[in-house]
Amino acid sequence: MRNGLRWMLGMTALATAAPTLAEDEPRFCPTRPNLGGSACTTEPGRVHVEMSVLDWQRDDQGDEREDRIVTADILTRTGVGRNTEVQLEWVGYGRDRTRDKASDSVDTVTGTGDVTFAVRQHLAGAKGKPFSAGVEAFVTAPTGRHPVGDGTWSTGVIVPIQYDLTKKWAIALTGEADAAANRSGTGRHLAYSEIAGVRYKLNDRVTTSAELSLERDNEPEGHETMAMAALSAAWRPTRLVQLDILAVAGLNQAAPGLRLVTGGAVLF
Numbered sequence: 459m460r461n462g463l464r465w466m467l468g469m470t471a472l473a474t475a476a477p478t479l480a481e482d483e484p485r486f487c488p489t490r491p492n493l494g495g496s497a498c499t500t501e502p503g504r505v506h507v508e509m510s511v512l513d514w515q516r517d518d519q520g521d522e523r524e525d526r527i528v529t530a531d532i533l534t535r536t537g538v539g540r541n542t543e544v545q546l547e548w549v550g551y552g553r554d555r556t557r558d559k560a561s562d563s564v565d566t567v568t569g570t571g572d573v574t575f576a577v578r579q580h581l582a583g584a585k586g587k588p589f590s591a592g593v594e595a596f597v598t599a600p601t602g603r604h605p606v607g608d609g610t611w612s613t614g615v616i617v618p619i620q621y622d623l624t625k626k627w628a629i630a631l632t633g634e635a636d637a638a639a640n641r642s643g644t645g646r647h648l649a650y651s652e653i654a655g656v657r658y659k660l661n662d663r664v665t666t667s668a669e670l671s672l673e674r675d676n677e678p679e680g681h682e683t684m685a686m687a688a689l690s691a692a693w694r695p696t697r698l699v700q701l702d703i704l705a706v707a708g709l710n711q712a713a714p715g716l717r718l719v720t721g722g723a724v725l726f
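Take 459 as the starting number for the sequence shown in the working numbering and just add one per residue.
Below is the structure:
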């Protein structure tokens, strides 16, 4: 947590020293704070660094309540081609607390999370054009302790598309299919989701989004369909820095009840 605060303070200092937004600003397109993906890739020679300073989630079910806190969830995106980037994500610290409501016993697990490697390819769209599409393939290595980490390998594909209705309004769809890790920590199963979102730019510095997510998880221990709604906002004090916040609410019993995420991004 202390490192995360230092990172946020550093970004604020950079915001004070950096120039204001310009017409020839670089391609700065953080994936966060949205639930959905992005077709935008990092320019060659540039690096996006995105980080969740605090990610808290509560899942209150009939027999137990789980609270999970993640910090220092760091994503690095490096441009390796005109329309291609590679990504490396690592969860620096997580704390999972589960309370059994019947016995009132508490199980707490802390530690680092998993490492994810991904490749994103921009397929269609150009600056000034309303339509964009891309594809992203990823694989996650079980470097973290379960349940902070998944406990076994997983992989998947994300397909995001976006259409700009006006300079301020845009709609986006993100489809995903995963060979997701089983809760037991052994083996994988099919999980897939669809996320629909609407983005509104208040001005050149502030953007807001609203999203709906529907996810089907064919977990061997019990199949679930989770429905969620999300609101997010991003503020860019400079052309190279973003600070953001995301709030997610579960819409059915299978989905986690509430999730709050704060963090930001910087372009080098």
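Note that beta-carbon positions come from the ideal geometry of N, C-alpha and C, so glycine has one too. As the structure is a prediction and not an experimental result, all values here were calculated from the model.
Fully contained in the segment 503-565 are the following beta strand (DSSP E) runs of length 3 or more, in chain order: 505-518, 522-539, 542-558. Beta-bridge analysis with DSSP links Arg657 to Ala628, Ser667.
Secondary-structure assignment with DSSP links Ser612 through a beta bridge to Thr598. In this structure Thr574 is in contact with Thr598, their Cβ atoms being roughly 5 Å apart against a cut-off of 8 Å. Phe486 counts as buried, since no fewer than 16 other beta carbons sit within 10 angstroms of its beta carbon. For Val719, the enclosing beta strand (DSSP E) stretches over residues 716-725.
In this structure, Thr632 sits away from Gly721, with a CB-CB distance that is not shorter than 9 Å. Across the set Thr542, Thr644, Cys498, the C-alpha of Thr644 shows the shortest separation from the C-alpha of Thr610.
Nearest C-alpha to Asp554 among Val528, Ala638, Leu648, Gly539: Val528. Going by C-alpha positions, Ala638 is about 6 Å away from Ala649. For a cut-off of 8 Å, the C-beta gap from Asp608 to Asp572 is around 6 Å, short enough to register as a contact. About 4 Å separates the beta carbons of His580 and Asn541, which is inside the 8 Å limit, making them a contact pair.
Leu533 places its beta carbon less than 9 Å from that of Gln545.
Of the other Cβ atoms in all chains shown, 16 or more fall within 10 Å of the Cβ of Gly537; this residue is therefore buried. Assignment of Arg490 by DSSP, reduced to helix, strand and coil, places it in the coil class. At a Cβ-Cβ threshold of 9 Å, Thr683 and Ala712 count as neighbours. Cα atoms of Ala560 and Arg523: separation of roughly 11 Å, rounded to the nearest angstrom. DSSP, reduced to helix, strand and coil, places Leu672 within a strand of the structure shown. Annotation for Leu670: Ala654, Ala687 place their beta carbon closer than 6 Å to its own, counting only its chain and skipping 5 residues before and after. For Thr566, the CB contacts under 6 Å within the same chain, skipping 5 residues up- and downstream, are Arg555 in chain order. The bridge partners DSSP lists for Thr683 are Arg674. Each of Asp525, Glu547, Glu673 was checked against the Cα of Gly602, and the nearest Cα belongs to Glu547.
In this structure, the alpha-carbon of Glu501 lies about 10 Å from that of Phe726. Under DSSP, Val706 shares a beta bridge with Ala688, Arg717.
Taking a 10 Å sphere around the C-beta of Val664, we find fewer than 16 other C-beta atoms and assign the residue as exposed. The beta carbon of Ala691 lies closer than 6 Å to those of Thr666, Ile703 in the same chain, with the five residues before and after it left out.
For Gly645, the secondary structure class from DSSP, reduced to helix, strand or coil, is coil.
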